[in-house]
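Quick notes on the structure that follows.
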Amino acid sequence: MELAQLIEDCRHERRSAQKALYGHFARPFFGLCRRYLKNESEAEEVLQNGFVNIFAALPRFEYISEAATVGWMKRVLVNECLQHLRRSTSFLQVGLEEAAEVPGGEDPLEGLEAAELLRTILQLPTGYRTVFNLYVLEQYSHKEIAALLGISEGTSKSQLSKARALLQQLITQAYPGHGLRKTR
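Start counting the sequence shown at 1; every next residue gets the next number (full-length UniProt numbering).
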């Protein structure tokens, strides 16, 4: 079924359409939630709450295109992840000086498998992980991140820099010789 029709059927609270929309997007959106939340059960809860919010907002939603609709749903879920994190923890638990500086060089993420990368990202402190996800994976600007998290743009930039340095350090420790490995 085409997404536009599925959205329209969901607007009319047709359970089969809601189930189909959830079934189509649950897996990739669970992955999105999982990047923000270390605990799988929390990610599942946030996913469920996100879909409740999506279904509740559909009567006011104007369908423009499939890409815009998917982008909107992703934003709803990212916001739900951030709300969950705000309720459960502080974004900036680790001081800016606590992550060791790692010298520049090769990109430590190059050639890393997705599962390895996710495991490593989940090791980051909440603030680093959140800023990293928002900037690198969701492609938010530092200005947008600062507004979402209630921090300054400079703090967002610093958290991203420290997150990248800590990621490189964690990858080097967990996967010795990884920086030497090249993919084609």
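Glycine included, C-beta positions come from ideal geometry on N, C-alpha and C.
Per-residue DSSP class, three states only, for residue i
| i | result |
| --- | --- |
| Lys74 | helix |
| Gly150 | coil |
| residue 188 | It is not possible to answer for residue 188, since the shown part of the chain is limited to 1 through 184. |
| Ser161 | helix |
| Leu47 | helix |
| Lys182 | With a pLDDT of only 40 at Lys182, under 50, the local geometry of the prediction cannot be trusted, and no value is derived from it. |
| Asn79 | helix |
| residue 189 | A question about residue 189 goes unanswered here, because the residues of the chain that appear run from 1 up to 184. |
| Asn53 | helix |
| Glu116 | helix |
| Gln168 | helix |
| Gln123 | coil |
| Tyr140 | coil |
| Tyr128 | helix |
Alpha-carbon spacing of residue i relative to residue j, whole angstroms
| i | j | result |
| --- | --- | --- |
| Leu6 | Phe30 | 20 angstroms |
| Ser158 | Gln173 | 22 angstroms |
| Ala146 | Thr126 | 15 angstroms |
| Glu116 | Glu44 | 21 angstroms |
| His12 | Leu21 | 13 angstroms |
| Gln169 | Leu160 | 14 angstroms |
| Arg27 | Val76 | 16 angstroms |
| Leu149 | Leu122 | 19 angstroms |
| Cys10 | Gln48 | 16 angstroms |
| Ala17 | Tyr175 | 44 angstroms |
| Leu82 | Glu2 | 30 angstroms |
| Glu62 | Ala68 | 10 angstroms |
| Arg164 | Phe132 | 8 angstroms |
Heavy atom of the ligand ZN within 7 angstroms of residue i beta-carbon
| i | result |
| --- | --- |
| Leu32 | No copy of the ligand ZN occurs in the structure displayed, which carries no ligand at all. |
Residue interval of the alpha helix (DSSP H) (run including residue i)
| i | result |
| --- | --- |
| Phe25 | 15-36 |
| Glu8 | 3-11 |
Residue-level contact to chain D via CB, residue i, 8 angstroms cutoff
| i | result |
| --- | --- |
| Glu113 | Absent from the structure is chain D; it holds one protein chain and no more. |
Cβ separation of residue i and residue j, assumed to be a contact under 8 angstroms, to the nearest whole Å
| i | j | result |
| --- | --- | --- |
| Thr155 | Leu85 | 16 angstroms between Cβ atoms; not a contact. |
| Val46 | Cys33 | 5 angstroms |
| Leu118 | Leu166 | Not quite, the Cβ-Cβ distance comes to about 15 angstroms (not below 8 angstroms), so this is no contact. |
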